[in-house]
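Participant: The opening position of the sequence shown corresponds to residue 275 in my numbering, with each subsequent residue numbered one higher.
Note that the Cβ used here is the ideal one computed from N, Cα and C, for glycine as well.
Since the structure is predicted, the reported quantities are computational estimates derived from the model, not experimental observations.
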Amino acid sequence: MPTVRRMTALGRSTIYRLMALKLFPVAIRLGPRAVGWRLTDIDQWLEERPDATH
């Protein structure tokens with residue numbers, strides 16, 4: 275999670291909210307209390323994400 279948070283500049287609760295809305299890559303369960311993501315999935319999500327500039 276820390277690496278994904280750094281890569282996306284999103285907080286933990288935001289990532290989980292986006293996952294619930296099906297707007298973030300699906301996590302892979304690594305253990306009872308741990309999840310991870312494929313780097314390729316995160317990279318693709320970042321590429322396809324609209325710019326957040328105002």
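Inspect the beta-carbon positions of leucine 313 and threonine 282 and report whether they are closer than 8 Å.
Facilitator: Contact: no.
Participant: Taking the alpha carbon of valine 278 as the reference point, which residue from Arg291, Arg323, Trp311 has its own alpha carbon closest?
Facilitator: Taking only the C-alpha atoms, the option nearest valine 278 is Trp311.
Participant: Give, in chain order, every unbroken run of the alpha helix (DSSP H) that is at least 4 residues long and sits entirely within the region 276-303.
Facilitator: Complete alpha helix (DSSP H) runs here, min 4: 276-282, 286-294.
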